[in-house]
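Beneath this line is the structure, given in structure tokens, with notes to follow.
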Amino acid sequence: EFKLKPFLGSSDCVNQISGKIKLGKEVLATLEGHWDSEIFINDKKTGQVDTFWNPTPELRQDRLIRCTVPPEEQGEFESERLWQHVTRAINNKDQTEATNEKFVLEEAQRKAARERKAKCEDWVSALFEQDPVTGEWHYRYADTRPWDPLNDLIQFEKDGCIQTKVRHRTPMVRSGSLISLSNQGQRRDNCICQLQQVSVPKRKHKSDKPKSPESGCSSPEPDHQDSSGSERHKSKHNSRLRKKGADLSELQSAIESIKQTQEEINRTVVTLRSRTVNRAESSSFLQQRDFVIIIFLIVLQVFINYVFK
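Below is the structure:
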């Protein structure tokens, strides 16, 4: 998060940033500092604070010079060109003119929305896409992979799209949405399963001499091939199976703990219900006993009055 310059503040409040490194919902570390000076990383587990970024004076002198595209070369919906009349009125301290120009822009946007609704047209963002699960908007051309000095040459922006010029084109992984990554992982697992299920049919030969299995490649293979590749594949497969088994055991232990907790809750509920029933029975018994005593006293009073008459 890049913090803007506050209305009241010194020069130390300029170019501040803050960020969080998360694994799911758990915050692993936090980042704070200035992007043009020191940035510190704080490990939440250990509480240790280290220097994450500290540019040298030579690097600070090589900062890019701010460059603004002239308004006549900007697109129709570029913010600086679109709001130039509002900006000019604010600089001239003309609040009425700035309000009128702002109303003109907003009314044009409302009119365009009404026209799209009348034509049953959906608005499609050119630079952002919405995650169907979370509903959040993510930059469509975000490239968050680590910089590869051997393959990456330069990164630039054109028409709002951030692009990287590379020596060899490689698949780009975007971290804006986890849906594409999960789908890719599922497809990869399906492909692995299909490859493992494929078996090479055995061919009958007239000769009794043992033959090596045929290969799918065009080049001939030697008769005695090293089996280290298959052994490595088996070891990797076994390690994956062990990892899945460990995950399943952890999941099973978690389910067992949940079942035990649920059983304890059920026992507590049964105990509370039995106590409530006992209290209700005792209270009803006390009420019947009180009625009997009152009736007995009334009969006794009537008998005494009759005797002394």
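Following UniProt numbering, the numbering of the sequence shown begins with 1 at its first residue and continues without gaps. Beta carbons: idealized from backbone N, C-alpha and C, even for Gly. Since we're looking at a predicted model, the values are computed, not measured.
- Taking the C-beta atoms as reference points, N54 is found nearer than 9 angstroms to E38.
- By the neighbour-count definition (other C-beta atoms within 10 Å, threshold 16), G33 is a buried residue.
- A check of alpha carbon separations from R169 across R273, D152, T87 and K158 identifies D152 as the nearest.
- Taken in chain order, the complete alpha helix (DSSP H) segments of 4 or more residues contained in the stretch 86-156 are 95-118.
- Across the structure, V302 and T276 are spaced so that their CA atoms are roughly 40 angstroms apart.
- The beta carbon of I17 sits closer than 6 angstroms to those of F2 and W35, all from its chain and outside the five residues before and after it, given in chain order.
- A Cβ-Cβ separation of about 5 angstroms places C161 in contact with Y141 under the 8 angstroms criterion.
- Its Cα nearest to that of D143, the residue Q155 stands out among V133, P149, Q155 and G135.
- T56 and D62 have their C-alpha atoms some 10 angstroms from each other.
- Sequence-distant partners of E136 (beyond 5 residues in either direction) whose C-beta falls short of 6 angstroms from its own C-beta are missing from its chain.
- For D62, DSSP assigns no beta-bridge partner whatsoever.
- The stretch 15-52 is shown to contain whole beta strand (DSSP E) runs of 3 or more residues at 16-23, 26-34 and 39-43, in chain order.
- Counting C-beta pairs closer than 8 angstroms gives fewer than three between the stretch 39-49 and the stretch 58-78, which falls short of the contact rule.
- Across the structure, T134 and E250 are spaced so that their CA atoms are roughly 28 angstroms apart.
- DSSP places V69 in the coil class of the three-state scheme, outside both helix and strand.
- A check of alpha carbon separations from Y139 across R66, K44, Q252 and S125 identifies S125 as the nearest.
- The three-state secondary structure of T56, taken from DSSP, is coil.
- Ranked by Cα distance from R81, the first of T87, R88, E97 and P71 is P71.
- When DSSP states are grouped into helix, strand and coil, Q74 belongs to the coil group.
- Looking at the backbone, the Cα of K25 and that of Q95 are separated by about 45 angstroms.
- Between W123 and R114 a beta carbon distance of about 12 angstroms is seen, past the 8 angstroms cut, so the two are scored as non-contacting.
- When beta bridges are read from the DSSP output, C13 appears opposite no residue.
- Closest by C-alpha distance to W147, out of K165, E157 and P132, is K165.
- Taking the C-beta atoms as reference points, A89 is found nearer than 9 angstroms to E97.
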